[in-house]
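So the protein lines, in turn, are chains A, B and C.
Quick note: the first sequence uses the numbering used here, first residue 1, plus one each step.
Quick note: the second sequence uses the numbering used here, first residue 258, plus one each step.
Quick note: the third sequence uses the numbering used here, first residue 323, plus one each step.
Ideal Cβ positions, reconstructed from N, Cα and C, are used throughout, including at glycine.
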Amino acid sequence: MLDVYGEKFSNRLLLGSAQYPSPAILSESIKQSQSQIVTVSLRRESGGDLAGQAFWQIIQDLKLKVLPNTAGCYTVKEAVTTAHMAREVFNTDWVKLEVIGEEDTLQPNVFELVEAARILVEDGFKVFPYTTDDLIVAEKLLQAGCEVLMPWGAPIGSGRGLNNPYALKTMRSHFPDTPLIVDAGIGVPSHASQAMEMGFDAVLLNTAVAGAGDPVAMAKAFNLAIEAGLLAFEADPIDARDMAEPSTPMMGKAFLS
Amino acid sequence: MKIFLNGMQTQVDHTELEAVLVQLGYQDVTIATAINGDFVPLSQRKHTQINEGDKLEVLAPMQGG
Amino acid sequence: MSMKVNIVGAGVAGLSLAWQLAQQGIEVEMFERGSKVGEKACSWFAGGMLAPWCEAENAEPVVLEYGKASLVWWQNALGEDFVDAKGTLVFAQQRDKKELKRFARRTHGYEVVGHDVIASLEPDLASQYQEALFFKNEAHLDPRKALIRLSEVVQKLGVKIHFEQEIEPEDLLPEKVVDCRGFNGAKALEGLRPVKGEMLLVKTNEISLSRPVRLLHPRIPLYVVPRDNQNFMIGATMIENGHGNQFSVRSMLELLGSAYALHPSFAEAEIIEMGVDLRPAFIDNLPRVERKNQIWRINGLYRHGYLLAPYMAKLAADSIINDKDEIEKLADFKLKEDRA
Numbered sequence: 001m002l003d004v005y006g007e008k009f010s011n012r013l014l015l016g017s018a019q020y021p022s023p024a025i026l027s028e029s030i031k032q033s034q035s036q037i038v039t040v041s042l043r044r045e046s047g048g049d050l051a052g053q054a055f056w057q058i059i060q061d062l063k064l065k066v067l068p069n070t071a072g073c074y075t076v077k078e079a080v081t082t083a084h085m086a087r088e089v090f091n092t093d094w095v096k097l098e099v100i101g102e103e104d105t106l107q108p109n110v111f112e113l114v115e116a117a118r119i120l121v122e123d124g125f126k127v128f129p130y131t132t133d134d135l136i137v138a139e140k141l142l143q144a145g146c147e148v149l150m151p152w153g154a155p156i157g158s159g160r161g162l163n164n165p166y167a168l169k170t171m172r173s174h175f176p177d178t179p180l181i182v183d184a185g186i187g188v189p190s191h192a193s194q195a196m197e198m199g200f201d202a203v204l205l206n207t208a209v210a211g212a213g214d215p216v217a218m219a220k221a222f223n224l225a226i227e228a229g230l231l232a233f234e235a236d237p238i239d240a241r242d243m244a245e246p247s248t249p250m251m252g253k254a255f256l257s
Numbered sequence: 258m259k260i261f262l263n264g265m266q267t268q269v270d271h272t273e274l275e276a277v278l279v280q281l282g283y284q285d286v287t288i289a290t291a292i293n294g295d296f297v298p299l300s301q302r303k304h305t306q307i308n309e310g311d312k313l314e315v316l317a318p319m320q321g322g
Numbered sequence: 323m324s325m326k327v328n329i330v331g332a333g334v335a336g337l338s339l340a341w342q343l344a345q346q347g348i349e350v351e352m353f354e355r356g357s358k359v360g361e362k363a364c365s366w367f368a369g370g371m372l373a374p375w376c377e378a379e380n381a382e383p384v385v386l387e388y389g390k391a392s393l394v395w396w397q398n399a400l401g402e403d404f405v406d407a408k409g410t411l412v413f414a415q416q417r418d419k420k421e422l423k424r425f426a427r428r429t430h431g432y433e434v435v436g437h438d439v440i441a442s443l444e445p446d447l448a449s450q451y452q453e454a455l456f457f458k459n460e461a462h463l464d465p466r467k468a469l470i471r472l473s474e475v476v477q478k479l480g481v482k483i484h485f486e487q488e489i490e491p492e493d494l495l496p497e498k499v500v501d502c503r504g505f506n507g508a509k510a511l512e513g514l515r516p517v518k519g520e521m522l523l524v525k526t527n528e529i530s531l532s533r534p535v536r537l538l539h540p541r542i543p544l545y546v547v548p549r550d551n552q553n554f555m556i557g558a559t560m561i562e563n564g565h566g567n568q569f570s571v572r573s574m575l576e577l578l579g580s581a582y583a584l585h586p587s588f589a590e591a592e593i594i595e596m597g598v599d600l601r602p603a604f605i606d607n608l609p610r611v612e613r614k615n616q617i618w619r620i621n622g623l624y625r626h627g628y629l630l631a632p633y634m635a636k637l638a639a640d641s642i643i644n645d646k647d648e649i650e651k652l653a654d655f656k657l658k659e660d661r662a
């Protein structure tokens, strides 16, 4: 079971709700992914058309845990205010804390991130920080009161998979007891499997499903891959070797030459 | 008086935030509000004054990753 | 046939239905809140592309299936010359080549063309692009001329159009009424949401195009459609949760940036119009015809007004004329497939 902030989930895929071809496909993709946690966001709403209400109805009907993000925030103040607004709207103290530092890579600004995390934890939030694979930043986030870390696989939306598997493995070894969720950069199910095989607790992704030609089928594929990766990790995979090792027993082999 | 609603200049007839929201068509909907970058909780909307030129942000649920 | 039908809303949905009904000798009266054709219609800002193969990239397959027939429908209604059946060219910049590959994987009905074909089809783009997808069965029309012409055609067939008449469909009962008001009629339809679109009209003599051109881009795919007098329509943004009638700086930057990327000569173009409106869309982004007693509603045409209004008009007309309660619901094949 995935255990974060005292809540348990049998599924280890956290799915984003943006960029689907239609709201109907969004809804069906979430169902097929078996995901129990869905990320959402906040945007300006005009009094005339109240467009956000229809989306919210769709998400509510799915009866899942929502994880609001602070996407698009560049400063501590923006992120903290957005988190407060999200807590009220979505009625949850969970927040995926994103403080972006730079537009081309959407890299987290880890300095602002740590400060925002500290303030939000003090305000009673359960913070899911979107961070890099830097161990010192990770330490600071834990000191700030985060009980889960979400290192990037690769830049948001890039679909490159795990850019630095070594750093992610190091992070896993360094924080054996902290729930670690790979967030962003996943392109195909094997990337998600790889993260799970390394012992990560869960994977958060969006574009890889929403941007697929058939998002519903891809959602299902990710669910299977994450399940497979987790099973593999729990089964304790063999180590890679340089030389061959016969898999068929040699004892009792006939001498026929 | 004129305020900025989500960045757009808008004429409102009230000074109390709750009344302003009703006037602008946000009745019984899921939204959160901030004035000049500071969050204003639901419970405070009745007691919060809005002044000429204030920046009012009204946010609602939206797709996100 | 002695039957009378009222239509509220004279945009592409309303006028298509009026033509469909008037063709069959039915008396039609239309009520439009604008003071002239198109003034308050979302379809005034459309690209006017009859491009079902391109749209199939992320639309439901039914959009392709029914969209194909729209070309002939428009030719029948407006005259063959009215529709430009010259195909669509799809490009991507060198650094976005993957986008072109992806688009090719997810569509069909095109051929991959190289420099020579590009040079013969659109000489002004030949120096910029070595490769393109050519959807030769696609077409386009000028949506503004089309709406005006269609309004003239239906009036010749005896349809009365009353302008500046903002009217609720219920006010016209017990006569038959069809609500074709687009997002303005959202209150009567559960789940109809607005998807904001912004478009530009620019004018330049520096470049000539004879068919719609699409430029793929990971963030904002763009199309440029040539119009009369060296005008070009540049579109269009797709903003969920979109509101208001303001054209944002971000959208302007994206649209003009992409147009400039398509061809640098757009840098010198004169901006002659900025258009903004809300596309009505249902949860599956497919249009619907609904009936409740003597009120029919055609809505949810999303970004497929000119492409699907003809089919929706046929569906509605069939239900009205033959008093059918069962109306085909456009199937969301992508969802319905057995995935067990």
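Taken in chain order, the whole alpha helix (DSSP H) runs of length 4 or more contained in the stretch 424-512 of chain C are 437-443 and 465-478. For secondary structure counted as the alpha helix (DSSP H) over 4 or more consecutive residues, the stretch 122-191 of chain A holds these complete runs in sequence order: 135-143 and 165-174. Rounded to whole angstroms, the Cβ separation of Leu-538(C) and Asp-418(C) is 6 Å, and the two are in contact under 8 Å. Around the beta carbon of Val-114(A), 16 or more other beta carbons lie within 10 angstroms, which makes this residue buried.
Secondary structure at Arg-355(C): coil, using DSSP grouped into helix, strand and coil. Pro-21(A) has a beta carbon lying within less than 8 Å of a beta carbon in chain C. When C-beta atoms of the stretch 398-413 of chain C are compared with those of the stretch 460-467 of chain C, three or more pairs fall below 8 Å, so the two segments count as touching. Around the beta-carbon of His-626(C), 16 or more other beta-carbon atoms lie within 10 Å, marking it buried. Thr-287(B) belongs to the set of residues whose beta carbon lies under 8 Å from a beta carbon in chain A. Counted as a single uninterrupted DSSP element, the beta strand (DSSP E) harbouring Asp-3(A) occupies residues 2-4.
Only those residues of the stretch 113-124 of chain A whose C-beta falls short of 9 Å from the nearest C-beta of chain B would be listed, and there are none. Residue contact with chain C for Ser-247(A): absent (no Cβ-Cβ distance below 8 Å to any residue of chain C).
Within the stretch 205-217 of chain A, the residues whose Cβ lies closer than 8 Å to any Cβ of chain C are, in chain order, Gly-213, Asp-214, Val-216 and Ala-217. Contact check between the stretch 232-239 of chain A and the stretch 203-213 of chain A: fewer than three CB pairs, one atom from each, fall below 8 Å, which does not count as touching.
Between Phe-457(C) and Gly-436(C), the gap from beta carbon to beta carbon reaches 8 Å or more. In the three-state reduction of the DSSP assignment, Ile-100(A) falls in the strand class, which pools E and B. When 9 Å is used as the limit between beta carbons, Ala-79(A) is near no residue of chain B, the shortest such separation being about 12 Å. DSSP places Glu-520(C) within a strand segment (E or B) once states are collapsed to three. If you ignore the 5 residues before and after Arg-172(A), its C-beta comes within less than 7 Å of the C-beta of Leu-180, Met-198, Gly-199 and Phe-200, all in its own chain and listed in chain order.
For Gly-157(A), same chain residues with a beta-carbon under 7 Å away, outside a window of 5 residues either side, are Thr-207 in chain order. DSSP places Arg-613(C) within a strand segment (E or B) once states are collapsed to three. Contacts with chain A (Cβ-Cβ distance below 7 Å) from the stretch 263-282 of chain B involve Asn-263, Leu-281 and Gly-282, listed in chain order. Counted as a single uninterrupted DSSP element, the stretch harbouring Asp-311(B) is not any alpha helix (DSSP H), since DSSP gives it neither H nor E.
Following the DSSP letters along the chain, one finds Pro-68(A) in no alpha helix (DSSP H) but inside the beta strand (DSSP E) bounded by residues 65-68. With its beta carbon less than 8 Å from one in chain B, Gln-53(A) belongs to the interface. Going by beta carbons, Val-40(A) and Ile-59(A) fall inside the 8 Å limit. Leu-479(C) and Ile-561(C) have their C-alpha atoms spaced approximately 38 Å apart.
Residues of the stretch 286-318 of chain B whose Cβ lies closer than 8 Å to any Cβ of chain A, in chain order: Val-286, Thr-287, Ile-288, Ala-289, Thr-290, Ala-291, Gly-294, Asp-295, Phe-296, Pro-298, Leu-299, Glu-314, Val-315, Leu-316, Ala-317 and Pro-318.
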